[in-house]
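Asks: Numbering (our numbering), first residue to last: 393 to 485.
Note that CB positions come from ideal geometry on N, CA and C, so glycine has one too.
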(Lines of atoms letter the chains of each structure in order from A and count residues from 1; the text may use other names and numbers.)
(Lines give C-alpha, C1' and ligand atoms only; values in the text may rest on other atoms or scores of the structure.)
Protein backbone atom coordinates (compact mmCIF):
# COMPACT_ATOMS: atom_id res chain seq x y z
CA UNK A 1 0.00 0.00 0.00
CA UNK A 2 1.46 3.32 -1.08
CA UNK A 3 0.93 6.59 0.76
CA UNK A 4 2.79 8.81 -1.68
CA UNK A 5 -0.43 10.56 -2.72
CA UNK A 6 -0.82 11.76 0.86
CA UNK A 7 2.34 13.92 0.95
CA UNK A 8 1.01 16.71 -1.32
CA UNK A 9 -1.86 17.14 1.15
CA UNK A 10 -0.09 16.60 4.47
CA UNK A 11 2.84 18.95 3.88
CA UNK A 12 0.71 22.03 3.07
CA UNK A 13 -1.48 21.19 6.07
CA UNK A 14 1.56 21.08 8.36
CA UNK A 15 2.96 24.31 6.90
CA UNK A 16 -0.43 25.95 7.41
CA UNK A 17 -0.59 24.68 10.97
CA UNK A 18 2.85 26.07 11.78
CA UNK A 19 2.06 29.37 10.11
CA UNK A 20 -1.23 29.54 12.03
CA UNK A 21 0.62 29.10 15.31
CA UNK A 22 3.04 31.84 14.30
CA UNK A 23 0.22 34.18 13.25
CA UNK A 24 -1.60 33.69 16.54
CA UNK A 25 1.54 34.49 18.54
CA UNK A 26 2.24 37.51 16.33
CA UNK A 27 -1.30 38.79 16.89
CA UNK A 28 -0.88 38.41 20.64
CA UNK A 29 2.37 40.34 20.49
CA UNK A 30 0.84 43.06 18.30
CA UNK A 31 -2.08 43.41 20.72
CA UNK A 32 0.35 43.77 23.60
CA UNK A 33 2.34 46.37 21.68
CA UNK A 34 -0.77 48.40 20.82
CA UNK A 35 -1.88 48.29 24.46
CA UNK A 36 1.57 49.45 25.58
CA UNK A 37 1.58 52.31 23.06
CA UNK A 38 -1.92 53.32 24.17
CA UNK A 39 -0.73 53.36 27.77
CA UNK A 40 2.23 55.55 26.80
CA UNK A 41 -0.08 57.89 24.89
CA UNK A 42 -2.44 58.20 27.85
CA UNK A 43 0.50 58.90 30.17
CA UNK A 44 1.69 61.63 27.80
CA UNK A 45 5.03 60.00 27.05
CA UNK A 46 4.30 59.25 23.39
CA UNK A 47 2.08 60.97 20.86
CA UNK A 48 -0.02 59.05 18.38
CA UNK A 49 -1.62 60.93 15.52
CA UNK A 50 -4.46 59.26 13.64
CA UNK A 51 -3.90 61.29 10.46
CA UNK A 52 -0.28 60.11 10.38
CA UNK A 53 -1.37 56.50 10.84
CA UNK A 54 -4.00 56.90 8.10
CA UNK A 55 -1.38 58.35 5.75
CA UNK A 56 1.04 55.48 6.35
CA UNK A 57 -1.72 52.90 5.85
CA UNK A 58 -2.94 54.50 2.63
CA UNK A 59 0.62 54.45 1.28
CA UNK A 60 1.30 50.79 2.03
CA UNK A 61 -2.09 49.11 1.43
CA UNK A 62 -2.12 49.39 -2.40
CA UNK A 63 1.26 47.66 -2.54
CA UNK A 64 0.03 44.93 -0.23
CA UNK A 65 -3.17 44.46 -2.25
CA UNK A 66 -1.29 44.10 -5.55
CA UNK A 67 1.09 41.59 -3.96
CA UNK A 68 -1.85 39.55 -2.60
CA UNK A 69 -3.57 39.48 -6.02
CA UNK A 70 -0.42 38.04 -7.57
CA UNK A 71 -0.22 35.34 -4.92
CA UNK A 72 -3.91 34.41 -5.22
CA UNK A 73 -3.54 33.90 -8.96
CA UNK A 74 -0.85 31.25 -8.48
CA UNK A 75 -2.38 29.17 -5.69
CA UNK A 76 -2.16 25.41 -6.21
CA UNK A 77 -4.87 22.87 -5.52
CA UNK A 78 -3.36 22.13 -2.09
CA UNK A 79 -4.65 25.48 -0.80
CA UNK A 80 -7.58 23.76 0.93
CA UNK A 81 -5.26 21.67 3.11
CA UNK A 82 -3.07 24.72 3.80
CA UNK A 83 -6.08 26.90 4.69
CA UNK A 84 -7.47 24.22 6.98
CA UNK A 85 -4.12 23.89 8.75
CA UNK A 86 -3.82 27.67 9.02
CA UNK A 87 -7.30 28.02 10.49
CA UNK A 88 -6.69 25.19 12.93
CA UNK A 89 -3.35 26.67 13.98
CA UNK A 90 -4.85 30.11 14.62
CA UNK A 91 -7.87 28.67 16.41
CA UNK A 92 -6.17 26.08 18.62
CA UNK A 93 -2.67 27.64 18.74
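Considering just the uninterrupted stretch of the alpha helix (DSSP H) at residue 398, what are its terminal residues?
Replies: Here residue 398 belongs to no alpha helix (DSSP H), and DSSP marks it neither H nor E.
Asks: Taking only the alpha-carbon atoms, compute the straight-line gap between residue 434 and residue 483 and give it to the nearest angstrom.
Replies: 32 Å
Asks: Assuming residue 481 and residue 416 make a contact with CB atoms under 8 Å, what is their CB distance in whole Å?
Replies: 7 Å
Asks: With DSSP collapsed to three states, give me the class of residue 439.
Replies: coil
Asks: Is there at least one Cβ from chain D nearer than 8 Å to residue 403's Cβ?
Replies: Structure shown: chain D not included; a single protein chain is present.
Asks: With a threshold of 16 other CB atoms inside 10 Å of the CB of residue 429, please say whether the residue is buried or exposed.
Replies: exposed
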